[in-house]
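Undergrad:
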Ligand code: SIN
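Numbering (our numbering), first residue to last: -10 to 319.
Here you go:
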């Protein structure tokens, strides 16, 4: 029904000719992180490009830092037509598809280049459309970076994490990952993490350098282990009904602007994975721990069995394709 209304509005405006005062199409883009992050910068760039190229036709309103909707709520809002775009972390789609859980498997991707190769390959592209039947269209992946572990005590080997409470995103793979090291995973919204850490309701969390820096987690966590054990990337999504209801030229213009905004966000992600790490070290508020190869091997050994547990849900073909992306063939 909504797509019909969008189509009728655009047709009526076109028939009425240039003299008609058409109302611009409004796109609300809701996300949970700060503006000075890869996702925040991508969303701002998208707005800038769209309004520059389609003046008077499309307006984009960006709502950062969970101002409008937090975490999983944004997907419900998308399906109700309360927002038109969002970019949740790939760990937050469990209710809509099990396949995207591949991105949560610990120690699957050796680095962001491997992630990029997988996302650009046939299986990665297929996953963009894995929620079409549920009414959600994936428009593109965006990088943030590799996850690090932070805690109130130094974590050098898995045994150090035993019994500690870690905040996790709403992913069952992440539950299994922390259970594998005998820690206690707590699913909590991103917007609550700082307070939970500050009040010591939880002992630790896992996140990227840019989220740890921009949300000041490093000010309330004494130690950060540079574990690179997992990934936080995003899927920019829209409602399939909304997207299909757009006139072809508007849809193509939006996709083009988004592709360019994503390229910009990815460049920001790359830069921030170094600069935010350094800013945290320079702050001296938190000690960054680099693991020896032997210590790292212990984390891999403890967490990697999680892959097998989720093989059926995700699909062996998907896991194998992701793993193969680590191999550049050179
Ligand atoms: C995000 O980067 O969008 C949030 C990640 C998290 O919930 O930890």
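Just so it is clear, CB atoms sit at the ideal spot from N, CA and C, and this is done for glycine as well. In this text the structure is predicted, and so the values were computed from the model without any measurement.
Which of the three DSSP states is assigned to residue 22 in this structure?
TA: DSSP places residue 22 in coil when its eight states are reduced to three.
Undergrad: According to DSSP, simplified to helix, strand and coil, what is residue 144?
TA: DSSP places residue 144 in coil when its eight states are reduced to three.
Undergrad: Here's the rule I'm using: 16 or more other beta-carbon atoms within 10 Å means buried, otherwise exposed. How should residue 265 be labelled?
TA: Buried.
Undergrad: Determine the DSSP secondary structure at residue 154, reduced to helix, strand or coil.
TA: Residue 154 falls in the strand class under three-state DSSP.
Undergrad: With the cut-off set at 9 Å, would you say residue 35 and residue 49 are in Cβ contact?
TA: A contact, by the Cβ cut-off of 9 Å.
Undergrad: When DSSP labels each residue in this structure, what does residue 196 get in the three-state scheme?
TA: Note: residue 196 maps to strand in three-state DSSP.
Undergrad: Would the beta-carbon of residue 209 be found less than 8 Å away from any heavy atom of the ligand SAM?
TA: Looking for the ligand SAM in the displayed structure turns up nothing; the ligands present are the ligand SIN.
Undergrad: So is the beta-carbon of residue 18 under 8 Å away from any non-hydrogen atom of the ligand SIN?
TA: Every heavy atom of the ligand SIN is 8 Å or more from the Cβ of residue 18, so no.
Undergrad: Determine the burial state of residue 272: buried for a count of at least 16 other Cβ atoms within 10 Å of its Cβ, exposed for fewer.
TA: Its Cβ having fewer than 16 others within 10 Å, residue 272 is exposed.
Undergrad: Report yes if the C-beta of residue 200 is less than 8 Å from at least one heavy atom of the ligand SIN; otherwise report no.
TA: Residue 200: yes, Cβ under 8 Å from the ligand SIN.
Undergrad: Thinking C-alpha only, which one of 190, 309, 242, 289 is nearest residue 44?
TA: If we check each option's Cα against that of residue 44, 242 comes out closest.
Undergrad: With 9 Å set as the bound, which would you pick, yes or no: does the beta-carbon of residue 142 sit closer than that to a beta-carbon of chain C?
TA: Note that chain C does not occur in the displayed structure, where there is just one protein chain.
Undergrad: Sort out for me which residues DSSP pairs residue 107 with in a bridge.
TA: Note: residue 107 sits in no beta bridge, so no partner.
Undergrad: Using the rule of at least 16 other Cβ atoms within 10 Å of the residue's Cβ for burial, across every protein chain shown, is residue 217 buried or exposed?
TA: The residue is buried, with at least 16 neighbouring Cβ atoms inside 10 Å.
Undergrad: Would residue 131 and residue 251 qualify as a contact pair, given that the criterion is a beta-carbon distance under 9 Å?
TA: Yes. Within cutoff.
Undergrad: Quick check on the DSSP output: the alpha helix (DSSP H) that includes residue 348 runs from which residue to which?
TA: Because the chain spans -10 through 319 in this model, residue 348 falls outside it and cannot be assessed.
Undergrad: Does the distance between the C-beta of residue 77 and the nearest non-hydrogen atom of the ligand SIN fall short of 8 Å?
TA: Yes, the beta carbon of residue 77 sits closer than 8 Å to at least one heavy atom of the ligand SIN.
Undergrad: Could you check which residue in 112, 175, 104 has the C-alpha nearest to that of residue 192?
TA: Nearest option by C-alpha distance: 175.
Undergrad: Determine the direct distance from the alpha carbon of residue 11 to that of residue 187, and round the result to whole angstroms.
TA: Straight-line Cα distance between these residues: approximately 49 Å.
Undergrad: Report yes if the C-beta of residue 80 is less than 8 Å from at least one heavy atom of the ligand SIN; otherwise report no.
TA: Correct: residue 80 has its Cβ closer than 8 Å to the ligand SIN.
Undergrad: Determine the burial state of residue 184: buried for a count of at least 16 other Cβ atoms within 10 Å of its Cβ, exposed for fewer.
TA: Under this definition residue 184 is an exposed residue.
Undergrad: If you follow the alpha helix (DSSP H) that residue 183 is in, where does it begin and where does it stop?
TA: Unbroken alpha helix (DSSP H) run through residue 183: 182 to 187.
Undergrad: Taking only the alpha-carbon atoms, compute the straight-line gap between residue 32 and residue 112 and give it to the nearest angstrom.
TA: Whole-angstrom Cα-Cα distance: 26 Å.
Undergrad: Comparing C-alpha positions only, which one of 148, 161, 248, 19 sits nearest to residue 109?
TA: Among 148, 161, 248, 19, the Cα nearest to that of residue 109 is on 248.
Undergrad: Measure the Cβ-Cβ separation of residue 77 and residue 47 and say whether it is below 9 Å.
TA: Contact flag unset, no.
Undergrad: Restricting to runs no shorter than 4 residues, where is the alpha helix (DSSP H) found entirely within the segment 47 to 71?
TA: List check, alpha helix (DSSP H) in window: 62 to 69.
Undergrad: Alpha carbon to alpha carbon, how far is residue 15 from residue 286?
TA: Cα to Cα, residue 15 sits roughly 50 Å from residue 286.
Undergrad: Grab me the residues of residue 246's own chain with a C-beta within less than 7 Å of its C-beta, minus the 5 sequence neighbours each way, in chain order.
TA: So the qualifying residues of the chain are 35, 38, 39, 42.
Undergrad: As an exercise, report each continuous alpha helix (DSSP H) stretch of at least 4 residues that is fully enclosed by the segment 74 to 107, in chain order.
TA: Segments of the alpha helix (DSSP H) lying fully in the segment 74 to 107: there are none.
Undergrad: What number of angstroms, rounded off, separates the C-alpha of residue 253 from the C-alpha of residue 267?
TA: Distance between the alpha carbons of residue 253 and residue 267 is about 21 Å.
Undergrad: Compute the distance between the beta-carbons of residue 224 and residue 89, then report whether it is under 9 Å.
TA: Yes; because the gap between Cβ atoms is below 9 Å, this pair is in contact.
Undergrad: Using 9 Å as the threshold, is the C-beta distance between residue 284 and residue 146 below it?
TA: Yes, they are a contact pair.
Undergrad: Within its chain, find whatever has a CB closer than 6 Å to the CB of residue 80; leave out the 5 residues flanking it on each side and keep chain order.
TA: Hits under 6 Å: 93, 158, 160.
Undergrad: Assuming residue 137 and residue 195 are in contact, meaning their beta carbons sit under 8 Å apart, how far apart are those beta carbons, in whole angstroms?
TA: The pair is a contact, with the Cβ atoms about 7 Å apart (cut-off 8 Å).
Undergrad: Flag this pair as touching only if the segment 160 to 171 and the segment 287 to 307 have three or more C-beta atom pairs under 8 Å; answer yes or no.
TA: Contact between the segment 160 to 171 and the segment 287 to 307 is present, because at least three Cβ pairs lie under 8 Å.
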